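Undergrad:
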Amino acid sequence: MEPSQGLIVLTDFLQLTVAGLSQGSVYALLAVGLIAVYTVRHVINIAQGEFAMLAGLGSAWLTASGMPLLLAVLVAILTVTVVAVAMERVIIARVKKLTPLLSIILTLGVSTLLQAIMLLVWGPEAKGVPLFPGTNVLIGGVSIRSQEFWMLGALVVVGGGIVLFYEKSRWGKALRACAEQPVAARIVGISPIAASVLAFAIAGFVGGVAGVVASPIYLSLWSGGVLLGLKGFVAAVLGGFVSFRAAIVGALLLGMIEAYVAGYVSSGLRDGAAFLILILVLVVRPQGLVLKPTAVRV
Numbered sequence: 000m001e002p003s004q005g006l007i008v009l010t011d012f013l014q015l016t017v018a019g020l021s022q023g024s025v026y027a028l029l030a031v032g033l034i035a036v037y038t039v040r041h042v043i044n045i046a047q048g049e050f051a052m053l054a055g056l057g058s059a060w061l062t063a064s065g066m067p068l069l070l071a072v073l074v075a076i077l078t079v080t081v082v083a084v085a086m087e088r089v090i091i092a093r094v095k096k097l098t099p100l101l102s103i104i105l106t107l108g109v110s111t112l113l114q115a116i117m118l119l120v121w122g123p124e125a126k127g128v129p130l131f132p133g134t135n136v137l138i139g140g141v142s143i144r145s146q147e148f149w150m151l152g153a154l155v156v157v158g159g160g161i162v163l164f165y166e167k168s169r170w171g172k173a174l175r176a177c178a179e180q181p182v183a184a185r186i187v188g189i190s191p192i193a194a195s196v197l198a199f200a201i202a203g204f205v206g207g208v209a210g211v212v213a214s215p216i217y218l219s220l221w222s223g224g225v226l227l228g229l230k231g232f233v234a235a236v237l238g239g240f241v242s243f244r245a246a247i248v249g250a251l252l253l254g255m256i257e258a259y260v261a262g263y264v265s266s267g268l269r270d271g272a273a274f275l276i277l278i279l280v281l282v283v284r285p286q287g288l289v290l291k292p293t294a295v296r297v
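Quick note: the sequence shown uses numbering that gives the first Met the number 0, first residue 0, plus one each step.
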């Protein structure tokens, strides 16, 4: 192989890596939301992807209506957070004996309802939020779009903030207590209702953030939340549904693997790669990337 050809191969590889990391950051945010809910209520929230699509379509509509981009994004994220809390209060909280299987059925119903609402309000066409302010960067032949910086930055700020919240804050430690020792948490005065509401608020918030930062590049579609949510689910499984850090690492790896498959094999196999990984993890290492499947980790 000539030196120039080797450089081209390396540049293509790095370009795919950047694309995979940016896409993986979106999966990571969704996985954080899934784990936040599961560790408190043992609810597998199938509607997590719809939170992202709702925020993306909502912010795109608001900006098209003349609202400034920053305000539109904030309103959309806040709205999705409220929707997530309402979902917990109106549906999840009313079920006394909530099993993981029942939670899948309930949240699948919410997912279908949100899809129908989005289709009715915004129609079947995909919509995108305007590109966030920034400048594209070219490093050694590798182009990094400004929006990709926003996607990775959202993961660093929001994902890192969630980890610090669980590690350092009083409320974060209370959520972990509710997950690990629910009876003891009640005895010492930690409200399981407040913990559940806060967990769903976190899920709605991170889902909204993921939706708005990804929308300028990947667009938002009323039916797009199903596949996106499943990618977040795969990342959460890689984290054993207990570890934020392992899920984030798994999501970034998933994004890169998808990019490599699309670039070197076939774009049609991109989504299949994610579910092949899911099957392999469930068969070979059900606890995911964590060392032990017993404790709730951050």
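For each residue, glycine too, the CB sits at the ideal point set by N, CA and C.
A quick note: this is a predicted structure, and the numbers were derived from the prediction, not measured.
Fully enclosed by the segment 39-94, which alpha helix (DSSP H) runs are 4 residues long or longer?
TA: Runs of the alpha helix (DSSP H) inside the segment 39-94: 47-63 and 68-89.
Undergrad: What is the C-beta distance between residue 298 and residue 45, in whole angstroms, given that I count them as a contact (C-beta under 8 Å)?
TA: Since the first residue shown for the chain is 0 and the last is 297, residue 298 is missing from the structure and cannot be characterised.
Undergrad: What's the call for residue 40, buried or exposed, on a 16-neighbour Cβ count within 10 Å?
TA: Working through the sequence shown from its first residue, we reach residue 40 at position 41. That one is buried.
Undergrad: For residue 146, which of 99, 96, 214 and 166 has the nearest alpha-carbon?
TA: Translated into the one-based positions of the sequence shown, residue 146 becomes position 147. Of the candidates 99, 96, 214 and 166, the one whose C-alpha sits nearest the C-alpha of residue 146 is 214.
Undergrad: Need the endpoints of the beta strand (DSSP E) that residue 189 sits in, please.
TA: Within the sequence shown, numbered from 1, the residue matching residue 189 stands at position 190. No beta strand (DSSP E) holds residue 189; DSSP gives it neither H nor E.
Undergrad: Have a look at residue 152 and residue 59 and give me their C-alpha separation to the nearest angstrom.
TA: Your numbering for residue 152 matches position 153 in the sequence shown. Your numbering for residue 59 matches position 60 in the sequence shown. Distance between the alpha carbons of residue 152 and residue 59: 20 Å.
Undergrad: Check the DSSP bridge columns for residue 138 and list the partner residues they point to.
TA: Residue numbering aside, residue 138 sits at position 139 when the sequence shown is read from its first letter. Looking at the DSSP assignment, residue 138 forms a beta bridge with 141.
Undergrad: Determine the extent of the alpha helix (DSSP H) in which residue 272 is found, giving its start and end residues.
TA: In the sequence shown, residue 272 corresponds to position 273, counting from 1. Element bounds for residue 272: 269-283.
Undergrad: Taking 8 Å as the threshold (C-beta atoms), are residue 174 and residue 198 in contact?
TA: Position 199 of the sequence shown, counted from the first residue, corresponds to residue 198. Position 175 of the sequence shown, counted from the first residue, corresponds to residue 174. Yes, Cβ-Cβ distance for residue 198 and residue 174 is below 8 Å.
Undergrad: Provide the residue span of the alpha helix (DSSP H) that contains residue 230, from first to last.
TA: Translated into the one-based positions of the sequence shown, residue 230 becomes position 231. It spans 224-237 - the alpha helix (DSSP H) in which residue 230 sits, taken as one unbroken run.
Undergrad: Which residues share a DSSP beta bridge with residue 172?
TA: Taking the sequence shown and counting its residues from 1, one reaches residue 172 at position 173. According to DSSP, which records beta bridges pairwise, residue 172 is partnered with nothing at all.
Undergrad: Excluding five sequence neighbours on each side, which residues of the same chain lie with their C-beta closer than 7 Å to the C-beta of residue 240?
TA: Against the sequence shown, residue 240 aligns to sequence position 241. Here the set comprises 34 and 37.
Undergrad: Could you check which residue in 238, 148 and 129 has the C-alpha nearest to that of residue 342?
TA: What the structure shows of the chain is the stretch from 0 to 297, and residue 342 is not part of that stretch, so it cannot be assessed.
Undergrad: Within 10 Å of its beta-carbon, does residue 105 have 16 or more other beta-carbons around it, so buried, or fewer, so exposed?
TA: As a working mapping, residue 105 is identified with position 106 in the sequence shown. Under this definition residue 105 is a buried residue.
Undergrad: Looking at residue 255: is its Cβ nearer than 8 Å to the Cβ of residue 20?
TA: As a first step, residue 255 must be located in the sequence shown, where it is residue number 256. As a first step, residue 20 must be located in the sequence shown, where it is residue number 21. The answer is yes: Cβ separation under 8 Å.
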